[in-house]
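Contents: one structure, followed by commentary.
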Amino acid sequence: MSRSPSDSRIAARVRRIKPSPSSAAADRANELRRQGRDIVNLVVGEPDFDTPAHIRQAACAAIERGETRYTMSAGTPALRQAICDKLLRENGLGYKPGNVVVTCGAKHAIFNALSATLEPGDEVVIPAPYWVSYPDMVLACDGTPVVVACDEADGFRLTAAALEAAITPNTRWLLLNSPTNPTGAAYSAADLRALANVLLRHPQVLLMTDDIYEHIRFDGEALPHIVAIEPQLHERSVVINGVSKTYAMTGWRIGYAAGPADLIGAMETLQSQSTSNACTISQAAALAALQGDHGFLKDFVETYRQRRDRALALINAIPGLGCRTPGGAFYLFVNCSGLIGRTTPSGKQIDSDVDVALYLLDAEGVAMIPGSSYGVAPYFRMSIATSIEVIEEGCARIGRAVAALH
Ligand code: PMP
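Spelled out as structure tokens, the structure:
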């Protein structure tokens with residue numbers, strides 16, 4: 462079909478989506494700071510630690526060895542083998558290097574998997590609160606997001622009954638993220654068993670697990686993987702992971718997907734015609750990360766735990782706010798229903814969590830993201846991937862702003 466000059470120059474699949482709200486909120490906070498405002502930034506979704514030294518050194522050594530050219534589209538054989546070793550060692554999942562594709566971050570892996578599989582009308586079940594990018598990625602790939610709200614009383618976890626009710630003959634994927642961004646909800650073995658039982662009844666549904674926060678957990682015991690719990694799901698699951706969060710490597714842009722050969726092969730073909738391989742030097746760094754000493758991780762997680770405990774105590778002491786204890790990741794998802802209907806000192810009524818976020822930014826310079834960006838309201842997400850001092854200052858300001866409401 463030819464397009465007339467008055468038609469949009471932008472494709473419908475891009476007009477359907479919006480920029481990531483977390484990037485937009487981070488940009489706004491940085492812009493206000495640039496203008497001289499004193500901003501406490503509780504938006505950031507990345508570790509504030511430096512990438513561990515042995516990983517940085519591996520990248521420098523790769524450059525010196527001349528590993529600066531293209532690799533195979535799907536990634537270096539060494540890294541793909543190391544990913545297989547990791548999936549077996551840590552998750553009890555058996556894959557061969559041919560079942561693995563290395564991507565430019567986990568985000569890219571999810572996008573490629575959706576792009577390689579979705580036809581118009583295909584539905585993707587997304588439990589809410591969800592990571593902001595899932596619905597828009599589905600839309601960009603011509604699919605239909607089916608958002609399933611998960612109750613706070615259920616720990617923000619998808620129940621088997623809710624999954625069963627959401628599945629239709631058009632369901633293509635279930636997207637499962639544990640621990641979850643933004644709530645920190647972590648699915649137990651029993652939760653996963655119940656979800657697996659539903660999936661077994663619906664063989665047309667593929668399962669995508671986003672395991673990016675798997676190591677940032679506070680309960681101590683290892684979380685089982687749903688595909689290890691139910692091996693029958695192996696042939697229709699794509700496991701997504703990466704090095705961004707565990708190894709403080711967000712800027713290196715290395716993620717990966719493991720799954721059945723046809724799905725992974727399709728993702729590889731797509732990648733060979735779009736990005737080609739993920740950055741060669743970053744692949745060398747990721748190899749060192751997966752194979753190297755993981756001792757630093759205990760310190761990272763312990764630091765997140767101290768911040769979580771401090772932030773929780775401060776937030777839960779503010780009348781009108783409440784937050785469950787997150788089991789993992791590095792965010793608090795704060796219920797702010799107690800502020801709805803109240804009035805700011807300048808006479809504006811707070812009608813939504815967007816109003817709460819705008820008020821906190823305007824009154825006290827605290828930047829965070831409204832819960833409605835994650836598919837449920839009224840909440841806000843506050844990052845704890847920042848120092849205790851910043852957390853304390855942020856909570857003091859939130860407390861002051863809330864106390865000033867009528
Ligand atoms: N999944 C979730 C749930 C995330 O929160 C993020 C990062 N914000 C990603 C995937 C993307 O990670 P990466 O940096 O590997 O693209």
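Numbering-wise (our numbering), the sequence shown opens with residue 462 and increments by one.
For glycine and all other residues, C-beta sits at the position ideal for the given N, C-alpha and C.
All figures in this text were calculated on a predicted structure; none of them were measured in a lab.
*Give the single residue among Thr670, Trp634, Ile830 whose Cα lies nearest to the Cα of isoleucine 687.*
The candidate whose alpha carbon is nearest that of isoleucine 687 is Thr670.
*asked:* Using DSSP's beta-bridge definition, name the partner residues of threonine 564.
replied: Bridge partners of threonine 564: Gly716.
*From the DSSP output, in three-state form, read off threonine 641 for me.*
Here threonine 641 sits in coil by DSSP.
*Range covered by the beta strand (DSSP E) that runs through tyrosine 840*: Run containing tyrosine 840: 840-844, per the beta strand (DSSP E) assignment.
*Take tyrosine 820 as the anchor and find which of Asn702, Leu866, Ala514, Ser844 has the nearest alpha-carbon.*
For the set Asn702, Leu866, Ala514, Ser844, the Cα lying nearest the Cα of tyrosine 820 is the one of Leu866.
*Go to aspartate 511, then tell me how far its beta strand (DSSP E) extends in each direction, as first and last residue.*
Unbroken run through aspartate 511: none, as it is neither H nor E.
*Go through the stretch 535-563 residue by residue and report every complete run of the alpha helix (DSSP H) that reaches 4 residues or more, in order.*
Fully enclosed alpha helix (DSSP H) runs of 4 or longer: 538-552.
*Closest residue to proline 787 among Ser834, Trp713, Gln767 (Cα-Cα distance)*: It is Gln767.
_the ligand PMP heavy atom lying under 6 angstroms from the CB of serine 705_ = Relative to the ligand PMP, serine 705 has its C-beta within less than 6 angstroms of a heavy atom.
*Using DSSP with H/G/I as helix, E/B as strand and the rest coil, what is glycine 832?*
Of the three classes helix, strand and coil, the one that applies to glycine 832 here is helix, per DSSP.
*Using a threshold of 7 angstroms, state whether the C-beta atoms of alanine 709 and valine 659 are closer than that.*
Contact flag unset, no.
*Is the stretch 524-536 touching the stretch 729-747 in the sense that three or more CB pairs, one from each, lie closer than 8 angstroms?*
The answer is yes - the stretch 524-536 touches the stretch 729-747, with three or more Cβ pairs under 8 angstroms.
_Own chain, CB closer than 8 angstroms to serine 483, minus 5 neighbours either side, in chain order_ = Hits under 8 angstroms: Val504, Gly506, Val593, Ile830, Ser834.
*In or out: glutamine 732 buried (at least 16 other Cβ within 10 Å) or exposed?*
Counting C-beta atoms within 10 angstroms of its own C-beta, glutamine 732 has 16 or more neighbours from the protein chains shown and is therefore classed as buried.
_Proximity test, glycine 566 beta-carbon vs the ligand PMP heavy atom, cut-off 6 angstroms_ = Checking every heavy atom of the ligand PMP against the Cβ of glycine 566, one is found closer than 6 angstroms.
*asked:* Taking the beta carbon of alanine 514 as the centre, do at least 16 other beta carbons fall within 10 Å, making it buried, or is it exposed?
replied: Exposed, since its Cβ has fewer than 16 Cβ neighbours within 10 Å.
*Would you list, in sequence order, the uninterrupted beta strand (DSSP E) runs of no fewer than 3 residues that lie entirely inside the stretch 644-700?*
667-671, all fully within the stretch 644-700.
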